[in-house]
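Q: Mind looking over this structure? Questions follow.
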Amino acid sequence: MTQLPLRAQLASALGRSAATLSRMTGRGDGSVIGGRVGLMLEPDLLRQLARDRKLALVSATNGKTTTTRLITSALLELGEVATNAFGANMPAGHVSALSQHKAAPYGVLEVDEKYLPEVLETTGASVVCLMNLSRDQMDRAAEIWLLAQKWRRALSGKPTHVIANCDDPLVTWGASTAAKVTWVSGGQRWKEDSWCCPECGGPLDRKDADWACRECTFHRPEPQWILDDDAVIDPRGHRWLLDIQLPGLANRSNAAMALAVAEAFGLAVNSALPRLREVTSVAGRYTTVEREGRQARLLLAKNPAGWLEAFDVSDPQQSIILSVNAQGPDGRDTSWLWDVDYRILRGRPVFVTGERRLDLALRLDVADVPFTLCGTFNEALAMQPPGRLDVIANYTAFQQIRSEFGRAV
Ligand SMILES: [Zn+2]
Numbered sequence: 042m043t044q045l046p047l048r049a050q051l052a053s054a055l056g057r058s059a060a061t062l063s064r065m066t067g068r069g070d071g072s073v074i075g076g077r078v079g080l081m082l083e084p085d086l087l088r089q090l091a092r093d094r095k096l097a098l099v100s101a102t103n104g105k106t107t108t109t110r111l112i113t114s115a116l117l118e119l120g121e122v123a124t125n126a127f128g129a130n131m132p133a134g135h136v137s138a139l140s141q142h143k144a145a146p147y148g149v150l151e152v153d154e155k156y157l158p159e160v161l162e163t164t165g166a167s168v169v170c171l172m173n174l175s176r177d178q179m180d181r182a183a184e185i186w187l188l189a190q191k192w193r194r195a196l197s198g199k200p201t202h203v204i205a206n207c208d209d210p211l212v213t214w215g216a217s218t219a220a221k222v223t224w225v226s227g228g229q230r231w232k233e234d235s236w237c238c239p240e241c242g243g244p245l246d247r248k249d250a251d252w253a254c255r256e257c258t259f260h261r262p263e264p265q266w267i268l269d270d271d272a273v274i275d276p277r278g279h280r281w282l283l284d285i286q287l288p289g290l291a292n293r294s295n296a297a298m299a300l301a302v303a304e305a306f307g308l309a310v311n312s313a314l315p316r317l318r319e320v321t322s323v324a325g326r327y328t329t330v331e332r333e334g335r336q337a338r339l340l341l342a343k344n345p346a347g348w349l350e351a352f353d354v355s356d357p358q359q360s361i362i363l364s365v366n367a368q369g370p371d372g373r374d375t376s377w378l379w380d381v382d383y384r385i386l387r388g389r390p391v392f393v394t395g396e397r398r399l400d401l402a403l404r405l406d407v408a409d410v411p412f413t414l415c416g417t418f419n420e421a422l423a424m425q426p427p428g429r430l431d432v433i434a435n436y437t438a439f440q441q442i443r444s445e446f447g448r449a450v
């Protein structure tokens, strides 16, 4: 690998010191502040740090942190990998990740959907993995369509190899200007944002996983990789039982995407798959924490699609604690709660907490889901009998619960 120019070396080193200082003074993991300091001193730092490495960028509304982790785990088979494991998914976080592993020949970067064009332009990444696009707390359908249009422009005319989920029409549209695309049939749990053709606005006809526009030629491309229940079928027709430890259909889809990305890096399924099976939790998600005989599994759900995935994973036989906040990273407006169908929780003991528990309580009441309102998470936990239970929380509520357990999870 060629040496960084002196200015970039200095910027990178000072950024790392700032990160260490931030960690030592208890202000988080320091990856964002470190990257910001580095970029302030050398605005071209990300480009210089990315040079001479083979990079994969991972973007989606849901599952990008987990998929980034799965791909990283697979590529460790090939050598050292730089990655933003803590979900700092904007350029400052990318600078920090690459600075910390200056000699790593590989990099896997989770990228915020809105930053993907800029980060692709700056890093010249050779592989981009696109999984799903749905409304987030603050976005609405028109905004995610604009986002997909920006992806199209960013990918057009570049040699980037895109790995994309062809079951999501908007992702397909966003990816289809790329010179090379490997299509993965990864499923689509949340369809509410894709009933219209992104190309012409006409209605999309759906039959099983297949879809096509009734009014223009836009249709689902033929997938090379197919997620088939608990297995993946590779481009040669070979069927691999996934058998990963992360729970649920959404994670099997993430694993299918990760295997296709690994192959784009020259790593065969039989080498990549055992590495995916080693991943048990991602930044606290899916971890089980224990207190006084109660085993609580922590599930993160940041938006309507995320809640569906969490319901899919949670055990209907167990009681469930739901926690909702509305701080900055969650979106201050909780109207998205009305997009989620909570009726699936009927018949289960449901406990509601979090700073915006009254918003959630009203939503559940309208859906005829009985629940118990609790002042704090600890109060909710104390009301549980010994044994297993599930916890679903949105972003800052999830981090607060992790802190309760010392973030050791
Ligand atoms: Zn159309």
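According to the working numbering, the sequence shown holds residues 42 to 450 in order.
A virtual CB, placed ideally from N, CA and C, is assigned to each residue, including glycine.
1. Using three-state DSSP, classify residue 63 as helix, strand or coil.
2. Shorter than 7 Å, the distance from the beta carbon of residue 207 to the closest heavy atom of ligand 1, or not?
3. Assuming residue 258 is part of the alpha helix (DSSP H), what are its boundary residues?
4. Considering only residues of the same chain and omitting the five flanking positions on each side of residue 83, which have a CB-CB separation below 7 Å?
5. So, for residue 336: in the same chain, excluding its five sequence neighbours on each side, which residues have a beta-carbon less than 8 Å away from its beta-carbon?
6. Would you check if the distance between the CB atom of residue 204 and the CB atom of residue 305 is smaller than 8 Å?
7. Are the Cβ atoms of residue 404 and residue 378 separated by less than 8 Å?
8. Rounded to a whole number of angstroms, what is the C-alpha to C-alpha distance between residue 225 and residue 269?
9. Looking at residue 188 and residue 218, is the spacing between their C-beta atoms short of 8 Å?
10. Out of curiosity, what's the CA-to-CA distance linking residue 176 and residue 148?
11. Can you list, in chain order, the residues of its chain with a C-beta nearer than 7 Å to that of residue 289? Leave out the 5 residues immediately preceding and following it.
12. I'd like to confirm the pairing. Which residues does DSSP put opposite residue 428 in its beta bridges?
13. Count the other C-beta atoms from every protein chain shown that fall within 10 angstroms of the C-beta of residue 105, then say buried if there are 16 or more, exposed otherwise.
14. Output the boundary residues of the alpha helix (DSSP H) element that contains residue 296.
15. Jot down the residue ranges of each uninterrupted beta strand (DSSP E) in the stretch 169 to 219, minimum 3 residues, whole runs only, in chain order.
16. Between the beta-carbon of residue 310 and the beta-carbon of residue 275, is there less than 8 Å?
17. Taking just the CA atoms, how far does residue 125 sit from residue 142?
18. So, for residue 393: in the same chain, excluding its five sequence neighbours on each side, which residues have a beta-carbon less than 6 Å away from its beta-carbon?
19. Grab the span of the beta strand (DSSP E) containing residue 148 for me, first residue to last.
20. With C-beta atoms as the reference, is residue 432 less than 8 Å away from residue 287?
21. Do you know offhand how far residue 450's Cα is from residue 324's?
22. Rounded to the nearest angstrom, what separates residue 313 and residue 95 at their Cα positions?
23. For residue 173, count neighbouring Cβ atoms within 10 angstroms of its own Cβ and tell me buried if that reaches 16, exposed if not.
24. Cβ of residue 215 within 7 Å of any heavy atom in ligand 1?
25. Which runs of the alpha helix (DSSP H) spanning at least 4 residues fall entirely within the stretch 354 to 427, listed in chain order?
26. State buried or exposed for residue 132, treating a residue as buried only when at least 16 other CB atoms are found within 10 Å of its CB.
27. Between which two residues does the alpha helix (DSSP H) carrying residue 320 extend?
28. For a test of the three-state rule: what should DSSP assign to residue 285, helix, strand or coil?
29. What does DSSP give as the partner residue(s) for residue 139 in the beta ladder?
30. Starting from the C-beta of residue 424, find all residues in its chain whose C-beta is less than 8 Å away, skip the five residues before and the five after it, and write them out in chain order.
31. Pull up the distance between the alpha-carbon of residue 389 and that of residue 74, whole angstroms please.
32. Sorry if obvious, but does the Cβ on residue 333 come closer than 7 Å to a heavy atom of ligand 1?
33. Which class does residue 100 belong to by DSSP, given the choice of helix, strand or coil?
34. My understanding is that residue 228 touches residue 294, with C-beta atoms under 8 Å, so please give their C-beta distance in whole angstroms.
35. Could you pull the DSSP bridge partners for residue 244 from this structure?
A: Here's the rundown:
1. Residue 63 carries a helical assignment under DSSP once its states are collapsed to helix, strand and coil.
2. Checking every heavy atom of ligand 1 against the Cβ of residue 207, none is found closer than 7 Å.
3. Premise fails: residue 258 is in no alpha helix (DSSP H) and is neither H nor E.
4. Excluding sequence neighbours, residue 83 sits near 48, 49, 52.
5. Closer than 8 Å at the Cβ level, and outside the excluded window around residue 336, lie 329, 330, 428, 429, 430.
6. Taking 8 Å as the Cβ cut-off, residue 204 and residue 305 qualify as a contacting pair.
7. Annotated as proximal: residue 404 and residue 378, with beta-carbon spacing under 8 Å.
8. One Cα belongs to residue 225, the other to residue 269, and the distance between them is close to 11 Å.
9. Against a cut-off of 8 Å, the Cβ pair of residue 188 and residue 218 comes out as no contact.
10. Going by the C-alpha atoms only, they are around 28 Å apart.
11. Cβ neighbours of residue 289 beyond the five flanking positions: 350, 353, 354.
12. For residue 428, the beta-bridge partners assigned by DSSP are 335.
13. By the 16-neighbour rule on beta-carbons within 10 angstroms, residue 105 is buried.
14. Element bounds for residue 296: 290 to 305.
15. At a cut-off of 3 residues, the continuous stretches assigned as beta strand (DSSP E) that sit fully inside the stretch 169 to 219 are 202 to 206.
16. One thing to note: residue 310 has its Cβ within 8 Å of the Cβ of residue 275.
17. Cα to Cα, the separation comes out at about 11 Å.
18. Closer than 6 Å at the Cβ level, and outside the excluded window around residue 393, lie 363, 401, 402, 412, 414.
19. It spans 147 to 151 - the beta strand (DSSP E) in which residue 148 sits, taken as one unbroken run.
20. No. Outside cutoff.
21. With a pLDDT of 48 at residue 450, under the threshold of 50, the predicted position of this residue should be treated as unreliable, though the coordinate-derived value follows. Approximately 7 Å between the Cα atoms of the pair.
22. Rounded to whole angstroms, residue 313 to residue 95 spans 17 Å at the Cα level.
23. Burial call: buried.
24. Flag unset: Cβ of residue 215 not near ligand 1.
25. If we require 4 residues or more, the alpha helix (DSSP H) runs fully inside the stretch 354 to 427 come out as 398 to 407, 418 to 423.
26. Residue 132 is buried by the Cβ-count criterion.
27. Residue 320 -> no alpha helix (DSSP H), and no H or E assigned at all.
28. Residue 285: coil per DSSP, three-state reduction.
29. BP columns for residue 139 are empty, so no partner.
30. Excluding sequence neighbours, residue 424 sits near 392, 413, 415.
31. So the alpha carbons of these two residues sit roughly 43 Å apart.
32. Not under cutoff, so the answer is no.
33. In the three-state reduction of the DSSP assignment, residue 100 falls in the strand class.
34. Contact holds; Cβ gap of about 5 Å.
35. Its beta-bridge partners are 237.
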